[in-house]
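Undergrad: Numbering (my numbering), first residue to last: 6 to 444.
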Amino acid sequence: MDRPDIVILGAGPAGTVAAMLAAAQGMDVLIIDSGHPPAARIESLPPMGRALAYDLGLQPALDAAFLGRVASIDLHRPASSETRRSAPADAPDLLDRATLHAALHTLARRSGAKLATGRGWIGSSPTPTVALGDRRFFPRVIIDARGRAALPRAIRNAVAALPFRTVSPAPPPAPRMEVTALAIGWSWIATLPSGRCEGALFTDPRNLAGLTATRRRAMLLSHLALAEDLHVGRPCPAALHAAPFATATGPILRIGDAALARDPVAAHGLVHAFRSATHAVAAAATILGQGDASAALAFLEQRHAKACRQAAEGTALALAGLRGESAHPAEPARAAVPPLNRPLRLSRALHEAPVLANGRIVWAKAIHLPASGEDATTFGPSDAATIAHLLDPPAPVATLARRLDAVLPATLGHAILKRLIDEGALVPSDQTGSRATMA
Ligand SMILES: Cc1cc2nc3c(=O)[nH]c(=O)nc-3n(C[C@H](O)[C@H](O)[C@H](O)COP(=O)(O)OP(=O)(O)OC[C@H]3O[C@@H](n4cnc5c(N)ncnc54)[C@H](O)[C@@H]3O)c2cc1C
Numbered sequence: 006m007d008r009p010d011i012v013i014l015g016a017g018p019a020g021t022v023a024a025m026l027a028a029a030q031g032m033d034v035l036i037i038d039s040g041h042p043p044a045a046r047i048e049s050l051p052p053m054g055r056a057l058a059y060d061l062g063l064q065p066a067l068d069a070a071f072l073g074r075v076a077s078i079d080l081h082r083p084a085s086s087e088t089r090r091s092a093p094a095d096a097p098d099l100l101d102r103a104t105l106h107a108a109l110h111t112l113a114r115r116s117g118a119k120l121a122t123g124r125g126w127i128g129s130s131p132t133p134t135v136a137l138g139d140r141r142f143f144p145r146v147i148i149d150a151r152g153r154a155a156l157p158r159a160i161r162n163a164v165a166a167l168p169f170r171t172v173s174p175a176p177p178p179a180p181r182m183e184v185t186a187l188a189i190g191w192s193w194i195a196t197l198p199s200g201r202c203e204g205a206l207f208t209d210p211r212n213l214a215g216l217t218a219t220r221r222r223a224m225l226l227s228h229l230a231l232a233e234d235l236h237v238g239r240p241c242p243a244a245l246h247a248a249p250f251a252t253a254t255g256p257i258l259r260i261g262d263a264a265l266a267r268d269p270v271a272a273h274g275l276v277h278a279f280r281s282a283t284h285a286v287a288a289a290a291t292i293l294g295q296g297d298a299s300a301a302l303a304f305l306e307q308r309h310a311k312a313c314r315q316a317a318e319g320t321a322l323a324l325a326g327l328r329g330e331s332a333h334p335a336e337p338a339r340a341a342v343p344p345l346n347r348p349l350r351l352s353r354a355l356h357e358a359p360v361l362a363n364g365r366i367v368w369a370k371a372i373h374l375p376a377s378g379e380d381a382t383t384f385g386p387s388d389a390a391t392i393a394h395l396l397d398p399p400a401p402v403a404t405l406a407r408r409l410d411a412v413l414p415a416t417l418g419h420a421i422l423k424r425l426i427d428e429g430a431l432v433p434s435d436q437t438g439s440r441a442t443m444a
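(1) Starting from Gly54, follow the beta strand (DSSP E) in both directions and report where the run begins and ends.
(2) Rank Ala44, Pro249 and Asp435 by C-alpha distance to the C-alpha of Ala103 and give the top, closest one.
(3) Run through DSSP, which three-state label would Glu318 get?
(4) Give the DSSP bridge partners of Lys370, in chain order.
(5) Note down, in chain order, each residue of its chain lying with its Cβ closer than 7 Å to the Cβ of Pro399, except the 5 sequence neighbours on either side.
(6) DSSP state of Thr382, grouped into three classes?
(7) In whole angstroms, what separates the C-alpha of Asp38 from that of Gly15?
(8) Could you give the distance in angstroms between the alpha-carbon of Lys423 and the alpha-carbon of Gln64?
(9) Can you have a look at Ala244 and say buried or exposed, based on whether 16 or more other CB atoms are within 10 angstroms of its CB?
(10) How many Å lie between Gly40 and Gln315 at the Cα?
(11) Give, in chain order, every unbroken run of the alpha helix (DSSP H) that is at least 4 residues long and sits entirely within the region 113-171.
(12) Going by C-alpha distance, which of Glu318, His394 and His309 is nearest Ala272?
(13) Per DSSP, what kind of secondary structure is Thr104 in: helix, strand or coil?
(14) Leu50: beta carbon under 7 Å from a heavy atom of ligand 1?
(15) Roughly how many angstroms lie between the CA atoms of Val184 and Leu226, to the nearest whole one?
(16) Is the number of C-beta pairs between the region 28-38 and the region 106-121 that are closer than 8 Å three or more?
(17) Using only the alpha-carbon positions, how far apart do Val286 and Thr254 sit?
(18) Rounded to whole angstroms, how far is the Cβ of Leu355 from the Cβ of Ile372, which I believe are closer than 8 Å?
(19) Return the chain-ordered list of same chain residues with a C-beta closer than 6 Å to the C-beta of Lys119, the five sequence neighbours on each side being excluded.
(20) Ligand 1 heavy atoms versus the CB of Arg153: any closer than 7 Å?
(21) On the three-state DSSP scale, how would you describe His41?
(22) Note down, one range per segment and in chain order, each alpha helix (DSSP H) of at least 4 residues found wholly within the region 193-247.
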């Protein structure tokens, strides 16, 4: 029986990074990919994605695919245009997607992951299986990294991307990105000093239905000021879609676009691919290492819910910005300040939450933060249980501050109390609702 520790279906950014990280930890990893050539396009990676990728050891792949750092972003809205310039440290990188793909494959192979080519599928009867032709694998963990191919067709097709490339007759001195609101959607274009110019039109697929390649090209030229020497690719799905769950019995762990396919208007697909791969590998390490599988799966679901919320907000914000309605994120939610001279208690009892620690997922005591919906297990050097203990019994905020100051480094107690108050985690002790008790 072929029983590797992990089989990963799909070797895009999410699958290859998961394979690399898992193999580097000594897990026996097989990654199966259909072998279709990756999309030939430029993609952008924001600074926080760059930092995450470096932390994960992906710098060689990023370096190989690096085309330049964006020096300016032109935003063309219906009623106004603006050019944004940022310091290099705050600017996104432009990456050659095909080179990134090849470089990530190299890293995965070097880490010891085995790669098989072919169209695989996941079966669940009688036990979770991955099939490739007439071969059957019975891994202990399955990672579904098939990208948008894993999504239901109807949803996949709600927004279409029409990719194109050309040579700019007037290349900028430094890499430039342009985002343009159009009557039929919006466009994203990256232009390099070499003249290489690539982008995509994002539109309702009905606008492209039945169009020949020639008419798709004419459509692009009618909406965008592009050079006549224009090569138009095939439309591909680009709608925001979140799978209802990031895990399924098996266990099957969904990562990258297979779990959450972001609308490219918010352009964090690569970041999500890398991050979700990291989380899935921590979950797999927990499960394979006889850790608490329930913590691992709960952690993935919590992270998935958070990523879905952020993606929906990011897309709404980016589209509103394009329409010129608002380009600023909403203020973080903040609770009403409780009367500070009355005894305050935690709004909810200390409870168990899944937390990632040293590459494994465990249950840990947490304080619920109502405004952000987060569960905090640590506060600086202190854990949630210590803080909850110091806050009990209920007392006015000055007394709580004295208790925290007695055991915590200077100013930390004040910062913790402020965070708890801003989050609505401290309420008057006589307020009705779930009573906080020490766990
Ligand atoms: C036009 C466009 C522009 C974009 N621009 C950006 C950008 O600028 N920045 C950014 O961060 N993101 C961007 N994205 C999103 C980004 O490309 C994706 O989020 C990212 O590729 C997701 O990686 P993944 O590994 O989850 O999936 P994919 O990259 O789709 O990889 C999935 C892999 O699985 C394989 N596969 C599928 N089915 C099977 C099967 N049955 N058996 C075996 N293998 C299979 C496929 O061949 C593929 O190799 C863009 C997306 C689009 C459509």
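Don't be surprised by glycine CBs; every beta carbon is placed ideally from N, CA and C. Everything numeric in this text was worked out from a predicted model, so none of it was measured.
TA: From the atom records:
(1) Here Gly54 belongs to no beta strand (DSSP E); instead the alpha helix (DSSP H) covers Pro52 to Asp60.
(2) Ala44
(3) helix
(4) Glu357
(5) Pro348, Leu349, Arg350 and Ser434
(6) coil
(7) 5 Å
(8) 38 Å
(9) buried
(10) 31 Å
(11) 158-161
(12) Glu318
(13) helix
(14) yes
(15) 16 Å
(16) yes
(17) 17 Å
(18) 6 Å
(19) Leu35
(20) yes
(21) coil
(22) 218-228
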